[in-house]
Amino acid sequence: TYLQSDQASHSRQREAAAAAAARIASSDEDDASSNGDDEDSLDFDPSYYDNTDEDMLDGASADCRSQPQHQEYETLSVPQVEQLLNEAVEAACSALELRPATARRLLIAYNWNLAALETEWRRDRRAVMQKARILPPDPCVSGAQRPPLGAPMPKPQVMQPGIACQICCLPTSPNVTVKGLACGHVFCTDCWQAYVATQLQASKADVQCMERDCALLATDDLVLACLTDPAVRRRFHEVSFRAQISSHPQLAFCTRSDCTGVLRAKQRDARLVVCAQCKSAFCFACGLDYHAPTDCALIKRWLLKFDFCWVCLGDWRQHGKDFYECSKYKENPSMLSEAAAGAQAREALRKYLHYFTRWDNHGKSLRLEADALKKIRDRIEERVMLSEGTWIDWQYLIVAAEMLRRCRYTLQYTYPYAYFLPKGHVRKELFEYQQAMLEKAVEDLSFLIERADLSDRSHRGQVENQMFHCEKMREFLVKEFH
Numbered sequence: 001t002y003l004q005s006d007q008a009s010h011s012r013q014r015e016a017a018a019a020a021a022a023r024i025a026s027s028d029e030d031d032a033s034s035n036g037d038d039e040d041s042l043d044f045d046p047s048y049y050d051n052t053d054e055d056m057l058d059g060a061s062a063d064c065r066s067q068p069q070h071q072e073y074e075t076l077s078v079p080q081v082e083q084l085l086n087e088a089v090e091a092a093c094s095a096l097e098l099r100p101a102t103a104r105r106l107l108i109a110y111n112w113n114l115a116a117l118e119t120e121w122r123r124d125r126r127a128v129m130q131k132a133r134i135l136p137p138d139p140c141v142s143g144a145q146r147p148p149l150g151a152p153m154p155k156p157q158v159m160q161p162g163i164a165c166q167i168c169c170l171p172t173s174p175n176v177t178v179k180g181l182a183c184g185h186v187f188c189t190d191c192w193q194a195y196v197a198t199q200l201q202a203s204k205a206d207v208q209c210m211e212r213d214c215a216l217l218a219t220d221d222l223v224l225a226c227l228t229d230p231a232v233r234r235r236f237h238e239v240s241f242r243a244q245i246s247s248h249p250q251l252a253f254c255t256r257s258d259c260t261g262v263l264r265a266k267q268r269d270a271r272l273v274v275c276a277q278c279k280s281a282f283c284f285a286c287g288l289d290y291h292a293p294t295d296c297a298l299i300k301r302w303l304l305k306f307d308f309c310w311v312c313l314g315d316w317r318q319h320g321k322d323f324y325e326c327s328k329y330k331e332n333p334s335m336l337s338e339a340a341a342g343a344q345a346r347e348a349l350r351k352y353l354h355y356f357t358r359w360d361n362h363g364k365s366l367r368l369e370a371d372a373l374k375k376i377r378d379r380i381e382e383r384v385m386l387s388e389g390t391w392i393d394w395q396y397l398i399v400a401a402e403m404l405r406r407c408r409y410t411l412q413y414t415y416p417y418a419y420f421l422p423k424g425h426v427r428k429e430l431f432e433y434q435q436a437m438l439e440k441a442v443e444d445l446s447f448l449i450e451r452a453d454l455s456d457r458s459h460r461g462q463v464e465n466q467m468f469h470c471e472k473m474r475e476f477l478v479k480e481f482h
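In full-length UniProt numbering, the protein residues as written are 1 to 482.
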């Protein structure tokens, strides 16, 4: 057929494009050969089209893995993660000769770094157990009274008959069993179960001693021994599992609520990851939308809601319960005049609106350009149905639209970075220059795509040159400032 012969003539271009890391996958193109297994190599979208012509790859990076926002990672299922964690616990049990519940608590305290845990364990076992909050801290005693480093660790207090629960005051009996930690505080199993159930309602996996000002944590085996309700036991396993993943520096749950995927990377860096199960993209370090070049701390401050008082323009958190205390006049010679304070507040608001408006406008542009991409696909499909070329002939427009979305997405997150950049910073002028260059490149590419005429292919070279110029500007900005 005509389509088969045309695809054969483009086999050389497809082979060259397959070597490129920039692959864009389209769900509705049946004629383009897609490489959907390489979603690790992208930085926003799952993959690139394999049909990109060879001349489109000139000057572009041959491997997206070299881009600053990429890192090696994989998506694991829940059984795989459970096996991974259990293997780490077994290794700790073998090395330290401890029960699994105690070994798991120590690994959590040391961020699952078995080498560091072993080193500290050989140096001072008591200090390790105290850091994990399994043993209480030593009292303020002299060095001569302090137990030696190799001394055996004290065990929890033996429960003698007649000892009462420190919550409900019921003494031990055949129907009442009390359990306690190394601190010596004892509570009956009914109180333990009610307390654990309350903690689980708040999704808290760390079960702390119920005694006031006691920070010791109960191990999993003690907690499970007190839980008789199957629903509470299942809930404890779920919350404990999520807490273990949160404490592991190489693991992170997919941010999509209905996805059970767990992503594993070599280190918890602020890099882009894409879940292989649901294709959700997010920052591995903080779990928010990928925000390069802005770092995690700044983007959290940018998204944080700040409540202030309209009367005094001060922080609302400082008002306490006396909401209108600021209406009282307090003479303070060191304070700025009311006019100066108002001018300062207006200037701060003007600065915020300057950056927020631009950040919000680029977000709106992303949504508008997504609609424009759908229209381009419809127009291309119409041309293909009329035998006026194939998908391969118009593929550069799809690639350019995806490239535009990627670059505008990065450009949007340059504004929180610029907002928090201190005045007079040594790199502020360079950053603003690179930001302006990227913005100009993005708008020029948007102009070319928006006014693309499918009946005239002469503008293809302009589009291709502009899209790769735009991508180079984006890569440089992320590499230099992220």
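Cβ coordinates follow ideal geometry from the N, Cα and C atoms, glycine included.
Quick caveat, the model's predicted, so the values are computed rather than measured.
| Check | Outcome |
| --- | --- |
| Who does Arg264 pair with in a DSSP beta bridge? | Glu74 and Leu251 |
| Any idea which residues DSSP pairs Ser173 with across the strands? | Val176 |
| Per DSSP, which one or two residues make a beta bridge with Cys226? | Per DSSP, none; premise fails for Cys226. |
| Just to confirm my understanding: we take Ala132, look at its own chain, exclude 5 residues before and 5 after, and list those with CB closer than 6 Å. What are they? | Arg105, Leu106 and Ala109 |
| Output the distance between the C-alpha atoms of Met467 and Asp289, rounded to the nearest integer angstrom. | 23 Å |
| Grab me the residues of Arg460's own chain with a C-beta within less than 7 Å of its C-beta, minus the 5 sequence neighbours each way, in chain order. | Tyr396 |
| Apart from the five residues just before and just after Leu84, which ones in its own chain have a Cβ nearer than 6 Å to its Cβ? | none |
| Tell me the residue span of the beta strand (DSSP E) that contains Leu438. | Taken as a continuous stretch (DSSP letters only), Leu438 belongs to no beta strand (DSSP E), being part of the alpha helix (DSSP H) at Lys428 to Glu450. |
| Can you list, in chain order, the residues of its chain with a C-beta nearer than 8 Å to that of Leu200? Leave out the 5 residues immediately preceding and following it. | Val232, Arg235, Phe236 and Val239 |
| Output the boundary residues of the beta strand (DSSP E) element that contains Phe284. | Note, Phe284: premise wrong, no beta strand (DSSP E); not H, not E. |
| Decide if Gly261 is buried, meaning its Cβ has at least 16 other Cβ atoms within 10 Å, or exposed. | buried |
| Taking the continuous alpha helix (DSSP H) assigned at Val128, which residues delimit it? | Arg125 to Lys131 |
| Rounded to a whole number of angstroms, what is the C-alpha to C-alpha distance between Val273 and Phe282? | 6 Å |
| Would Met210 and Ile167 qualify as a contact pair, given that the criterion is a beta-carbon distance under 9 Å? | yes |
| Do you know how far the Cα of Phe431 is from the Cα of Ile380? | 38 Å |
| Closest to Ala292 by C-alpha separation, out of Val478, Met437, Ala441 and His362, would be which residue? | Val478 |
| Does DSSP put Cys188 in a helix, in a strand, or in coil? | strand |
| Provide the residue(s) that pair with residue 483 in DSSP beta bridges, ordered along the chain. | For residue 483 there is no data in the structure shown, the boundaries of the chain being 1 and 482. |
| Assess contact between the segment 114-125 and the segment 84-95, defined as three or more Cβ pairs (one per stretch) separated by less than 8 Å. Is contact present? | yes |
| In the DSSP output, what is Gln208 paired with across the bridge? | Leu217 |
| Does the beta-carbon of Pro416 have 16 or more other beta-carbons within 10 angstroms, so that it is buried, or is it exposed? | buried |
| Measure the Cβ-Cβ separation of Leu474 and Cys407 and say whether it is below 9 Å. | One detail in the question is off: residue 474 reads as Arg in this sequence, not Leu. Going by C-beta atoms, Arg474 is nearer than 9 Å to Cys407. |
| Which two residues bound the contiguous alpha helix (DSSP H) that contains Leu397? | Gln395 to Gln412 |
| DSSP three-state label for Ala116, please. | helix |
| For my contact list, Arg256 and Cys275 are in at a C-beta cut-off of 8 Å; report their separation, rounded to the angstrom. | 7 Å |
| For Gly272, write down the residues that DSSP places opposite it in a beta bridge. | Checking the sequence, you will find Leu at residue 272 rather than Gly. DSSP, once it has assigned bridges, lists Cys283 as partnering Leu272. |
| Quick one: what's got a C-beta closer than 7 Å to Pro174's C-beta in the same chain, skipping five residues either side? | none |
| Check whether the segment 343-358 touches the segment 378-392, taking contact to mean three or more Cβ pairs, one atom from each stretch, closer than 8 Å. | no |
| DSSP three-state label for Ala95, please. | helix |
| To which residues of the same chain is Ala243 closer than 8 Å at the C-beta, ignoring the five residues directly before and after it? | Ile108, Ala205 and Asp206 |
| Quick check on Cys254: buried or exposed, where buried means 16 or more other Cβ atoms within 10 Å of its Cβ? | buried |
| Hey, would you say Lys279 sits closer than 9 Å to Cys226, going by beta carbons? | no |
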